[in-house]
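Protein chains in written order, with our numbering: chain A, 1 to 111; chain B, 1001 to 1117.
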Amino acid sequence: SQQGEEDPQALSIQEGENATMNCSYKTSINNLQWYRQNSGRGLVHLILIRSNEREKHSGRLRVTLDTSKKSSSLLITASRAADTASYFCAPSSGSARQLTFGSGTQLTVLP
Amino acid sequence: GAVVSQHPSRVICKSGTSVKIECRSLDFQATTMFWYRQFPKKSLMLMATSNEGSKATYEQGVEKDKFLINHASLTLSTLTVTSAHPEDSSFYICSASRGGGPKTEAFFGQGTRLTVV
């Protein structure tokens, strides 16, 4: 498995604004997943994008994947205070089911 | 979606005692589960891969005699922190994957906050 690195490490925005966080990885992947973690809680799966997909939407979430640049982005539109959490990406190379994580992006949405 | 349940959510124990943490996949069978450790404001560190019916695979630097993993059934893996010390205080999270291949999605437990006093 390989580790994704999220950027920025911390992001603070006002409620209603959009939040964009990025993920970079090093080797080829079959899919990439984004997770959210509220303080002191487990991870919640947000979205999975496969290597042959360029963009995927789920509610207020939009994920893009650029395999040529080995990067992905997560966009949260019209952010809410409840979106405050840490966000992690997890690139996965096919059958490897263990995931490794970077340090995450700590998103703070101010009311 | 699939649910992974972790128990207990919080535990406080005395130095020298052992603590067992359970990870259950509630609505699917998981031949493989994973145990992570997370320090405050840090990433999750993969500790070991728990394999049903066989020995766990530990990551480099993780003491297998200290962190005992048992995966006795397809829905239950346990992590036992033996002879706990204050430096073992951390947030422990398990995960399980349903299916395999490129559509694999990992589901995480809610985590266990271990405090060793």
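Backbone N, C-alpha and C define an ideal beta-carbon position, used for all residues, glycine too.
Short CB-CB distance (under 7 Å) between residue i and chain A
i       : result
S1083/B : no
P1061/B : Sequence inspection shows Gly at residue 1061/B; the Pro mentioned does not correspond to that position. Not closer than 7 Å to any Cβ of chain A, the Cβ of G1061/B fails to qualify, so no.
F1039/B : no
I1093/B : yes
S1005/B : no
S1015/B : no
Chain B within 7 Å of residue i, Cβ atoms only
i      : result
S79/A  : no
T108/A : no
N52/A  : no
R41/A  : yes
Beta-carbon proximity list for residue i, same chain, < 6 Å, skipping 5 on both sides
i       : result
L48/A   : N31, Q33
P111/A  : E15, A81
I1069/B : A1048, S1050, A1056, L1079
Y1058/B : A1048, K1064
Spatial neighbours of residue i in its chain, beta-carbon cut-off 7 Å, leaving aside the 5 residues before and after
i       : result
Q960/B  : Past the edges of chain B, shown from 1001 to 1117, lies residue 960/B, and the structure says nothing about it.
L1046/B : F1034, Y1036, E1059
V1062/B : M1047, A1048
Whether residue i touches residue j by CB criterion (7 Å)
i       : j       : result
S79/A   : V109/A  : yes
C1013/B : V1116/B : yes
H1071/B : E1052/B : yes
T64/A   : E55/A   : yes
R41/A   : Q1110/B : yes
Own chain residues within Cβ distance below 8 Å of residue i, not counting five before or after
i       : result
D83/A   : A19, I76, L107, V109
T1112/B : Q1006, H1007, P1008, S1009, R1010, V1011, I1021, F1091, Y1092, I1093
D7/A    : M21, N22, C23, S24, T105
V1003/B : S1025, L1026, D1027, F1107
G1101/B : Since pLDDT at G1101/B reaches only 49, below the 50 mark, its modelled position is unreliable, and no value is offered.
Legend entry - Given 8 Å, three or more beta-carbon pairs between the stretch 1025 to 1039 of chain B and the stretch 1080 to 1093 of chain B: The stretch 1025 to 1039 of chain B vs the stretch 1080 to 1093 of chain B: in contact.
Inset, instruction - Please determine if the stretch 10 to 27 of chain A and the stretch 73 to 93 of chain A are in contact, where contact requires at least 3 C-beta pairs separated by less than 8 Å. - result: Three or more beta-carbon pairs separated by less than 8 Å link the stretch 10 to 27 of chain A to the stretch 73 to 93 of chain A, which places the two stretches in contact.
Inset, instruction - Report the residues of the stretch 1104 to 1115 of chain B with a CB closer than 7 Å to any CB of chain A, ordered along the chain. - result: The stretch 1104 to 1115 of chain B vs chain A, Cβ under 7 Å: T1104, E1105, A1106, F1107, F1108, G1109, Q1110, G1111, R1113.
Legend entry - Validate contact between the stretch 58 to 74 of chain A and the stretch 1016 to 1034 of chain B using beta carbons, cut 8 Å, 3 pairs: A contact is defined here as three or more CB-CB pairs under 8 Å, and the stretch 58 to 74 of chain A fails this definition with respect to the stretch 1016 to 1034 of chain B.
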